[in-house]
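Engineer: This is the structure I want to talk about, given as structure tokens.
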Amino acid sequence: MTASRLATGGSAIDRSLAIRFSFDGRTVNGFAGDTIASALLANDVAIVGRSFKYHRPRGIWGAGVEEPNALVDVGGPQSTPNTRATTEPARDGLVAKSVNATPNALTDRNAFLDRFSRFIPAAFYYKTFMWPDWHMFEPRIRAMAGLGKVDTDWTSPGIADQINHHCDVLVVGAGPAGLAAARLAAGAGLAVTLVDEQQRLGGSLGHRACEIDDKPAATWIEETVAELASGGHLILPSTTAFGIYDHNLVGLNQRHFDGRRDTLWRVRPRQIVLATGAIERPLPFANNDLPGILSADAALAYLRRHAVLVGRRVVVATNNDSAYEVAGALAEAGAEVTLVDIRRDGMPRAPAKARPITGRALAAAKGSLRVEGVTLDDGTRLDADCVLVSGGWTPTIHLFGQAKGKLAWSEARAAFLPGDPVDGISVAGGAAGAVSLSEVFEGAQKAVASLGTTKAAVPRSTGPDATAGLTAAWPTPGSKGRIWIDYQNDVTVKDVELAARENFVSVEHLKRYTTLGMATDQGKTSNLPGLALMAGITGRTVPEVGTTTYRPPFTPVPLASFAGARLGELMAPVRRLPLEDAHRASGAVFQEYGGWLRPAHYGGRGADADRAVQDEARRARQSVALFDGSTLGKIEVIGPKAAEFVDFLYYNTMSTLKPGRCRYGFMLSENGVVFDDGVLMRLDEHRFVVSCSSSHVASVHARLEEWRQDRFGRDAVYIHNATSDMATLTVSGPNARKLLEAVNLGVSLDEADLPHMAIGNGTYGGDEVRVARVSFTGDRSYEVSIRADRAEPLWAHLREAGRSLDAVTIGLEALMILRAEKGFIVIGKDTDGTTLPHDLGSEGPRAKRQTDYVGRRSLFTEEASRNNRLQLVGLRVPQGEMPLPTGAHGIKREGGRPHSQGFVTSSYQSPTLGRPVALGLIERGAARHGETIEVQHLGKVRTATIAPPCAFDPAGDRLNA
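Numbering (our numbering), first residue to last: 37 to 997.
See below:
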């Protein structure tokens, strides 16, 4: 390969703006408008990377997203690993490094692996490293895996924009078909969005010679784009449609080259036109992966767009007509060109300056680090420094497949084409199998014909038109030499034959056994040849072999685009209490709990936190405590079927609850696992309030909406999340009633009027308040809910009235001690992803309830009925010992080795009891009260006695004290 830059030409480059960058430490010169790949070719850099498994030298193959070899890590402010050199603009000062090569692509010291290729064929790792132990080899194999390297000094990906957009027609691809379709749709009065992954619109018109409406293609492109822009239509260059999702939602990733991060577009069009073109296929011959072997169409693009002549002695090998223009153009540019066509007749006239050889195919390429010549199937040797191949065209139907479109095999095109239509999607141009420009424009007209009558004229091809002559050239079983199918993942013909011998003949099995099509290019150049080879091996046709599933994204999308602005608090916004300022003024020390910024304890940052928490818990038991419980969920369920709805959502029967009363209950997931717990209040016959855990408000709300939509309509049930509308102030302790009476809420607190688990309604300062007699501490407690913006005066009044009662304001840490003393659980802390309600002692509904509810069936599975399930217990330590570490494992010894039989979920020092209290999940724990077990943490073993979960006031007398 002896590539060079021509002195003139290059429609994409600006010769007045010279640039310089480095690749693997070598200085590379170029011009504005170059890609990294075009600049490397202009500087005759042949080896740009190494293959994944064998570390074979690889050169540039293509000119776009189909490129399997030329991956580079780009350093600088927008550090990006595994970037395709063919799509990354060259910039002055850019630093690029080859991937999967040590120290660089030219002198990779892992190249020796290729000598052992016979011992490491497809799926070798499943067999070779099983003895004596896979874990002996795993660290080294994992260290060698992967391609690019992440810059560890790169602190933030930056903020990427995300835009939601609606339009009448989304045209994907701005080649001749896409431009024509966009113009016709705009002429029908429709709002058009046109996207293309290249910076310059026009697609193949940018390097293929043609005339449209008696004008040069460049002029027609310019006029069409100007007409669309003046009509207010959205045109997005450098934008890839990477996926089609439910209801024809299209994901777009727009690249910027001015320092900004990519933009993620979520587009919902009424109609999609896919004009995504086609990808040129390789030809099968031995050593067809050598640097200097390129796609013929890519070589033409580099010549006409970047003025790069990819070689001086060029062999162009083809099985179709499209390579003839390539051969002629390179010959006109000064290259010595030999055109090898496997067809014997039916070809176009060979270019005047090219030497034609017909009826012959390439048998092998010669060379070591770059191509030096080829051998034909008749033994003829041709010297060459560059080989250009064209094995036909594969329509880019990935997006059509993602939209559940079925494919139809075309023998004439030797490719899969779009089959039965998909609602809302049309396909035109090369993606639909069109070859000539006339066919392209005819297909564009059909694609938009159903959208309305257009005022725009259908473009006409007025220059030379391509023809469709093609003879399929697939890899054949038993071929001699190493014929590469997947360049990046080192899959050869022999690997596919091995898969067939071991009965991995299903297309999905073939993919995973050989890794065919699993590289970062997703098999854009390799999938179809691999399928055809498997068809030949097994005696089937290509459509009988089938295709793998098309999955998004079509090209890699930066994670920053998916994240958008979700960084820091924008990723997880901290939710704040209405009374935050009041708490800060009282010396509250804040921490984040379940997404809420809440007081952990009071006394200020300088206070001893442990002492402050212990003092708050002790005083709460002695007199009365004030606690801000505004974070508790307050989700209203309203409607004529509200009772039926909550019955279905809760493990407990809730429809029997009387208005003005509350009931504690569990919500389960579909697999029976406890999802949330809390109190359900019934305000009247058709209105309930779900008081769920603070950290689960969003997920419970989403869950309620999901089941409402699944089983109940809005006319039956309406759901309103009022959590942020109201503040909830909790008064708890022996003197709770005295304190609440002192502020006079207009609610009778007599036992007969407001017993435990009842609701009362009153007023404060003219505002309605709801008083719920529920307790999370085990003491008499009241939860007072008032409008959030009116809570501060009530809070101040409660604090002032509490002075005479020695009231204490407590934070969440003290509350956790109080609830643990009573054995009250926190979902997600005292449960895990396997905890069922009967593991927590709630067996009644499972045994007695006959009506259906979420998770019911899962409670009767073999797994749910195991007799050694982890169950909630209390754990007591010997007198004078410190609290158990949370997360410590209860162990049992079998055969001399310790095995876990559960773990500690909560552990605190109780100032009221004067000893530690702990909760845990232990095997068969409910039946083992009084048994002493070993508890291990970080190598230290202690003992603990299994006890009932409730350690304080087990009779519950203090609820009514």
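Here a beta-carbon is modelled for each residue, glycine too, at the ideal position from N, C-alpha and C.
Remember, it's a predicted structure, so these values are computed and weren't measured experimentally.
Cα separation between residue 366 and residue 259?
Structural biologist: Within the sequence shown, residue 366 is the residue found at index 330, counting from 1. Within the sequence shown, residue 259 is the residue found at index 223, counting from 1. Rounded to whole angstroms, residue 366 to residue 259 spans 29 Å at the Cα level.
Engineer: Is it the case that the Cβ atoms of residue 857 and residue 948 are separated by a distance below 9 Å?
Structural biologist: Reading the sequence shown from its first residue, position 821 is the one you call residue 857. Reading the sequence shown from its first residue, position 912 is the one you call residue 948. Result yes, Cβ atoms of residue 857 and residue 948 sit closer than 9 Å.
Engineer: Based on the DSSP secondary-structure assignment, which residues constitute the bridge partners of residue 980?
Structural biologist: Walking along the sequence shown from the start, residue 980 turns up at place 944. Beta-bridge pairing links residue 980 to 969.
Engineer: When DSSP builds the beta bridges, which residues end up paired with residue 812?
Structural biologist: As a position in the sequence shown, residue 812 is number 776, starting the count at 1. Bridge partners of residue 812: none, in fact.
Engineer: Grab me the residues of residue 123's own chain with a C-beta within less than 7 Å of its C-beta, minus the 5 sequence neighbours each way, in chain order.
Structural biologist: Translated into positions along the sequence shown, residue 123 becomes position 87. These residues qualify, in order along the chain: 71, 100, 101.
Engineer: Measure how close the beta-carbons of residue 31 and residue 141 come, nearest whole angstrom, since I'm counting them as under 8 Å.
Structural biologist: Within the shown structure, residues of the chain are numbered from 37 to 997, placing residue 31 beyond reach of any answer.
Engineer: Thinking residue 47 and residue 242 are a contact (beta carbons under 8 Å), I'd like their distance in whole angstroms, please.
Structural biologist: Residue numbering aside, residue 47 sits at position 11 when the sequence shown is read from its first letter. Residue numbering aside, residue 242 sits at position 206 when the sequence shown is read from its first letter. Contact holds; Cβ gap of about 7 Å.
Engineer: To the nearest angstrom, how far is it from the Cα of residue 562 to the Cα of residue 523?
Structural biologist: Within the sequence shown, residue 562 is the residue found at index 526, counting from 1. Within the sequence shown, residue 523 is the residue found at index 487, counting from 1. Computed Cα separation, rounded: 8 Å.
Engineer: For residue 659, collect the residues of the same chain with a Cβ closer than 6 Å to its Cβ; drop the 5 residues on either side in sequence, then sort them by chain order.
Structural biologist: Numbered from 1 along the sequence shown, position 623 holds the residue referred to as residue 659. Excluding sequence neighbours, residue 659 sits near 769, 771, 841, 842.
Engineer: Going by the beta-carbon positions, is the gap between residue 310 and residue 480 smaller than 9 Å?
Structural biologist: Here residue 310 refers to the residue found at position 274 of the sequence shown. Here residue 480 refers to the residue found at position 444 of the sequence shown. No; because the gap between Cβ atoms is not below 9 Å, this pair is not in contact.
Engineer: Could you tell me which of 436, 177, 120 sits nearest to residue 556, measuring between CA atoms?
Structural biologist: In the sequence shown, residue 556 corresponds to position 520, counting from 1. Per the Cα distances, 120.
Engineer: Taking Cβ to Cβ, would you say residue 52 is nearer than 9 Å to residue 126?
Structural biologist: As a working mapping, residue 52 is identified with position 16 in the sequence shown. As a working mapping, residue 126 is identified with position 90 in the sequence shown. Result no, Cβ atoms of residue 52 and residue 126 do not sit closer than 9 Å.
Engineer: Find the nearest neighbour of residue 520 within the set 324, 488, 458, judged by alpha-carbon distance.
Structural biologist: For the purposes of this step, residue 520 is taken as residue 484 along the sequence shown, with counting starting at 1. It is 324 whose Cα lies nearest to the Cα of residue 520.
Engineer: Report all residues from its chain with a CB closer than 7 Å to the CB of residue 290; omit the five preceding and five following residues, and keep chain order.
Structural biologist: Taking the sequence shown and counting its residues from 1, one reaches residue 290 at position 254. Cβ within range, chain order: 272, 274, 275, 298, 299, 301.
Engineer: For the segment 213 to 230 against the segment 145 to 161, are there 3 or more C-beta pairs whose distance is under 8 Å?
Structural biologist: As far as the Cβ criterion goes, the segment 213 to 230 does not touch the segment 145 to 161, which means the pair count is below three.
Engineer: What are the residues that DSSP puts in a beta bridge with residue 547?
Structural biologist: The sequence position of residue 547 within the sequence shown is 511, counting from 1. DSSP output for residue 547 lists no bridge partner at all.
Engineer: Looking at C-alpha atoms only, which residue of 581, 518, 514 is the closest neighbour of residue 26?
Structural biologist: No answer is possible for residue 26: it lies beyond the span of the chain, which begins at 37 and ends at 997.
Engineer: Just confirm the distance between the C-beta atoms of residue 712 and residue 736, as a whole number of angstroms; I'd bet it's less than 8 Å.
Structural biologist: Within the sequence shown, numbered from 1, the residue matching residue 712 stands at position 676. Within the sequence shown, numbered from 1, the residue matching residue 736 stands at position 700. 6 Å between Cβ atoms; contact.
Engineer: For residue 851, which of helix, strand or coil comes out of DSSP?
Structural biologist: By one-based count along the sequence shown, residue 851 stands at place 815. Three-state result, residue 851: helix.
Engineer: Given 8 Å as the limit, is there contact between the segment 819 to 829 and the segment 754 to 769, that is, 3 or more CB pairs closer than that?
Structural biologist: In short, these stretches touch, since the Cβ pair count reaches three.
Engineer: Run through the DSSP bridge pairs and tell me what residue 166 is partnered with.
Structural biologist: Here residue 166 refers to the residue found at position 130 when the sequence shown is read from its first residue. DSSP lists no partner for residue 166.
Engineer: Counting beta carbon pairs with one atom in the segment 901 to 910 and one in the segment 955 to 966, are three or more of them shorter than 8 Å?
Structural biologist: Contact between the segment 955 to 966 and the segment 901 to 910 is present, because at least three Cβ pairs lie under 8 Å.
Engineer: Kindly list the residues whose CB is nearer than 8 Å to the CB of residue 583, restricted to its own chain and excluding five residues on each side of it in sequence; keep chain order.
Structural biologist: To locate residue 583, count along the sequence shown from 1; it is residue 547. Taken in chain order, the residues that qualify are 437, 443, 452, 543, 563, 567.
Engineer: Give the DSSP bridge partners of residue 904, in chain order.
Structural biologist: Start at 1 with the first residue of the sequence shown, and residue 904 comes out as number 868. Beta-bridge pairing links residue 904 to no other residue.
Engineer: Taking its Cβ as the centre, do 16 or more other Cβ atoms sit within 10 Å of residue 213, making it buried, or is it exposed?
Structural biologist: Counting from 1 along the sequence shown, the entry for residue 213 is found at position 177. By the neighbour-count rule (16 or more Cβ atoms within 10 Å), residue 213 is buried.
Engineer: Count Cβ pairs between the segment 243 to 254 and the segment 498 to 516 that sit closer than 8 Å; are there 3 or more?
Structural biologist: Yes, the segment 243 to 254 is in contact with the segment 498 to 516.
Engineer: As an exercise, report each continuous beta strand (DSSP E) stretch of at least 3 residues that is fully enclosed by the segment 434 to 476, in chain order.
Structural biologist: For the segment 434 to 476, whole beta strand (DSSP E) runs of length 3 or above, ordered along the chain, are 443 to 446, 451 to 454, 461 to 463.
Engineer: Looking only at DSSP bridge pairs, what is residue 611 linked to?
Structural biologist: Counting from one through the sequence shown, the residue named residue 611 turns up at place 575. Answer by DSSP bridge pairing, in chain order: 632.
Engineer: In chain order, which beta strand (DSSP E) runs of at least 3 residues are fully inside the segment 491 to 572?
Structural biologist: The segment 491 to 572 contains these whole beta strand (DSSP E) runs: 520 to 522.
Engineer: Rounded to the nearest angstrom, what separates residue 667 and residue 116 at their Cα positions?
Structural biologist: Position 631 of the sequence shown holds residue 667. Position 80 of the sequence shown holds residue 116. Those two C-alpha atoms are separated by around 41 Å.
Engineer: For residue 403, name the three-state secondary structure that DSSP assigns.
Structural biologist: Translated into the one-based positions of the sequence shown, residue 403 becomes position 367. Note: residue 403 maps to strand in three-state DSSP.
Engineer: Among 180, 972, 963, which residue has its Cα nearest to the Cα of residue 982?
Structural biologist: Numbered from 1 along the sequence shown, position 946 holds the residue referred to as residue 982. The shortest C-alpha separation from residue 982 is found at 963.
Engineer: How far does the beta strand (DSSP E) with residue 702 in it extend, from its first residue to its last?
Structural biologist: The count along the sequence shown starts at 1 and reaches residue 702 at position 666. Where residue 702 is concerned, the enclosing beta strand (DSSP E) stretches over 697 to 704.
Engineer: Please report the distance separating the alpha-carbon of residue 133 from that of residue 111.
Structural biologist: The count along the sequence shown starts at 1 and reaches residue 133 at position 97. The count along the sequence shown starts at 1 and reaches residue 111 at position 75. Cα-Cα distance, rounded: 8 Å.
Engineer: Residue 185 by DSSP, collapsed to three states: which one?
Structural biologist: Position 149 of the sequence shown, counting from 1, holds the residue named residue 185. Residue 185 falls in the coil class under three-state DSSP.
Engineer: Three Cβ pairs or more, each shorter than 8 Å: is that satisfied between the segment 926 to 944 and the segment 833 to 840?
Structural biologist: With the cut-off at 8 Å, the segment 926 to 944 and the segment 833 to 840 do not touch.
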